[in-house]
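Mind the numbering: the sequence shown is residues 16 to 504 in the UniProt record's numbering, read in order.
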Amino acid sequence: VLHHNTYLIDGELRKWEGNSTEVFSTISSTEIYKPTLLGSIPDMDEEAALNALGGALKAYDQGRGAWPTMRIGERIECMEKFVKKMEAKRNEVVKLLMWEIGKSLPDSEKEFDRTVDYIYDTIEDYKQLDRDAAKFKKQDGVYAHIRRGPLGVVLCLGPYNYPLNETFALLIPAIIMGNTTIFKPAKHGVLLITPLLEAFRSSFPKGVVNIIFGRGRTVASPIMKTGKVDVLALIGNSKSANALQEQHPKSNRLRLVLGLEAKNPAIILPDADMDLTLDECIAGTLSFNGQRCTALKVVYVHEDIREEFNKRFAEKVDELKFGNPWEKGVKLTPLPESEKPAYIQELIDDALSKGAKILNKKGGQHSDNFIWPAVLYPVTKDMRVYQEEQFGPVIPILSFKDIEEPLDDMAASNYGQQVSLFGKDVYALAPLIDTLVNLVCRVNLNSSCQRGPDVYPFTGRKDSAQSTLSVHDALRSFSIRTFVASKDN
Ligand code: G3H
Numbered sequence: 016v017l018h019h020n021t022y023l024i025d026g027e028l029r030k031w032e033g034n035s036t037e038v039f040s041t042i043s044s045t046e047i048y049k050p051t052l053l054g055s056i057p058d059m060d061e062e063a064a065l066n067a068l069g070g071a072l073k074a075y076d077q078g079r080g081a082w083p084t085m086r087i088g089e090r091i092e093c094m095e096k097f098v099k100k101m102e103a104k105r106n107e108v109v110k111l112l113m114w115e116i117g118k119s120l121p122d123s124e125k126e127f128d129r130t131v132d133y134i135y136d137t138i139e140d141y142k143q144l145d146r147d148a149a150k151f152k153k154q155d156g157v158y159a160h161i162r163r164g165p166l167g168v169v170l171c172l173g174p175y176n177y178p179l180n181e182t183f184a185l186l187i188p189a190i191i192m193g194n195t196t197i198f199k200p201a202k203h204g205v206l207l208i209t210p211l212l213e214a215f216r217s218s219f220p221k222g223v224v225n226i227i228f229g230r231g232r233t234v235a236s237p238i239m240k241t242g243k244v245d246v247l248a249l250i251g252n253s254k255s256a257n258a259l260q261e262q263h264p265k266s267n268r269l270r271l272v273l274g275l276e277a278k279n280p281a282i283i284l285p286d287a288d289m290d291l292t293l294d295e296c297i298a299g300t301l302s303f304n305g306q307r308c309t310a311l312k313v314v315y316v317h318e319d320i321r322e323e324f325n326k327r328f329a330e331k332v333d334e335l336k337f338g339n340p341w342e343k344g345v346k347l348t349p350l351p352e353s354e355k356p357a358y359i360q361e362l363i364d365d366a367l368s369k370g371a372k373i374l375n376k377k378g379g380q381h382s383d384n385f386i387w388p389a390v391l392y393p394v395t396k397d398m399r400v401y402q403e404e405q406f407g408p409v410i411p412i413l414s415f416k417d418i419e420e421p422l423d424d425m426a427a428s429n430y431g432q433q434v435s436l437f438g439k440d441v442y443a444l445a446p447l448i449d450t451l452v453n454l455v456c457r458v459n460l461n462s463s464c465q466r467g468p469d470v471y472p473f474t475g476r477k478d479s480a481q482s483t484l485s486v487h488d489a490l491r492s493f494s495i496r497t498f499v500a501s502k503d504n
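In structure tokens, the structure reads:
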């Protein structure tokens, strides 16, 4: 059991002396059906949170601090130092990703490596920004030396499903652009940050990165209420984002960098390649048990191929291997949120009571921390599984005769992140794509939805996002364009 009580404020690793410790029960290494205690982390209070804010404010010093005024090359050196130290922690962090959030070994390794790549790509992109800044523009006799400046203090809150990749995709660009930061990891996927505390401490000047632990309402809210945060960077749900935004007394001054919910559909046309579509839909709906904002969360299959698709899809779901994340070939793993199996069960019960059936034999079987994915058909719009972002292992299927049916639903949806479109006829696909790109931000042709590669824009329409988070765009999201004008270059 890992009892961790160190946190990082103002360049110091401090020991938490408070009484309360947040206790995390999580998967056991020996018995997958019985969650056992993995470790604990300080349940910090308002005073600690405000100290962290104080560290960030001091280091920023209204833009006059050493970090925001530092030369770009020096900030790059700090980031390079950090990423090298982080790479040395790969085994430890990957192990904790498996233990803490139940992510399979290949996916945990991928998350770590992808995050490291993200940091190197950010450094390269930042160098390009610097090269661009060196160029002068001339207009009407005025020369402009355009650069990008930081925004101030950033409060950074990441999600449990990608505690490393998604969180660092906010934190790293925020830091490198010269902002100072307070970072609170999600409730699950928090212990895995602890091996990196020393790397943060020793790579950046004091106060640039402050890392605290605890609940949103006890540590994030007091920070927001001071009105001294310039950017709220959050990947998670809109309820938390809205609540925090409202607590800021000058919310019109607050910049938001948000990645939020989605209900990405798969649309399967009659001429789709059935084998490929089945494989992509399994990966899209059930990678990491469906706990991805980019997961396929509703499937629309054309009536002509519905019977074959439903039958084979249900069989494939039951063939997936369930087990501990480190076992070979495992695709389904225990769920880190203890309340998730009961929630998924509620969605299933609601759908069954309104006329849906479970198509797969194992669907809905569950234990303390796992529920076998249920494939539900026919799903209707009055069902909760259609309306809510399930973020877990349950797959609603609807059939359609006319393509306007799924398009109408997408137009009416509160979300607009991505879609997967399966079909072969390019003449039918082309006009459809022209419409779909106006409903969502990414159309995946004959492939499941996903965020990566991380150099591509990651965003959404409506309630799915505010801001864009590719490597390139994130640097811009955490900065502002400034310039020096002169009559002489
Ligand atoms: O939860 C949202 C993540 O950004 C999903 O990323 O598509 O690479 O799994 P992914």
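Built from N, CA and C at the ideal position, the CB exists for glycine as well.
Predicted model, so just to flag it, every value in this text is computed and none were measured.
- Pairwise C-beta distances place the stretch 284–301 out of contact with the stretch 245–258, as fewer than three of them are shorter than 8 Å.
- DSSP, read as helix, strand or coil, puts residue 473 in coil.
- Within 8 Å of the C-beta of residue 177 there is at least one heavy atom belonging to the ligand G3H.
- Residue 321 carries a helical assignment under DSSP once its states are collapsed to helix, strand and coil.
- Contact between residue 475 and residue 432 holds: CB atoms are separated by about 4 Å, below the 8 Å threshold.
- Residue pairing by DSSP puts residue 391 in a beta bridge opposite 373, 411.
- Annotated three-state conformation of residue 278 is coil, per DSSP.
- Residue 35 sits exposed, since fewer than 16 C-beta atoms from the chains shown fall within 10 Å of its C-beta.
- The beta carbon of residue 174 sits closer than 8 Å to at least one heavy atom of the ligand G3H.
- Closer than 8 Å to some heavy atom of the ligand G3H: that describes the Cβ of residue 309.
- The three-state secondary structure of residue 216, taken from DSSP, is helix.
- Linking residue 196 to residue 204 through their CA atoms gives a straight-line distance of about 19 Å.
- Judged by their CB atoms, residue 229 and residue 199 are nearer to each other than the 9 Å cut-off.
- By the criterion of a C-beta distance shorter than 8 Å, residue 21 is surrounded in its chain by 28, 29, 30, 31, 209, 212, once the five residues flanking it on both sides are discounted.
- In this structure, residue 250 has its CB closer than 8 Å to one or more heavy atoms of the ligand G3H.
- Your pair residue 479 and residue 276 checks out as a contact, with CB atoms roughly 6 Å apart and the cut at 8 Å.
- Residue 301 and residue 346 do touch by the CB rule: their CB atoms are close to 7 Å apart, below 8 Å.
- At a cut-off of 8 Å, the beta-carbon of residue 485 does not count as near the ligand G3H: no heavy atom of the ligand is closer than that.
- Look at residue 181: its beta carbon is less than 8 Å from one of the heavy atoms in the ligand G3H.
- Taking non-hydrogen atoms of the ligand G3H into account, the C-beta of residue 303 is found less than 8 Å away from one of them.
- The bridge partners DSSP lists for residue 23 are 28, 226.
- Listed in chain order, the alpha helix (DSSP H) runs fully inside the stretch 104–141 are 105–116, counting runs of at least 4 residues.
- In the DSSP secondary-structure assignment, residue 170 is bridged to 197, 247.
- Contact between the stretch 389–401 and the stretch 410–418 is established, with three or more Cβ pairs separated by less than 8 Å.
- In this structure, the beta-carbon distance from residue 164 to residue 78 falls below 9 Å.
- For residue 180, the uninterrupted alpha helix (DSSP H) run begins and ends at 180–191, by DSSP.
- Not one heavy atom of the ligand G3H sits closer than 8 Å to the Cβ of residue 296.
- Contact between the stretch 175–189 and the stretch 125–142 is present: 3 or more CB-CB pairs across the two stretches fall below 8 Å.
- Here residue 494 carries a strand assignment [DSSP, helix/strand/coil].
- Straight-line spacing of the CA atoms in residue 450 and residue 502 works out to 48 Å.
- With a cut-off of 8 Å on Cβ pairs, the stretch 397–407 is not in contact with the stretch 239–248, counting fewer than three such pairs.
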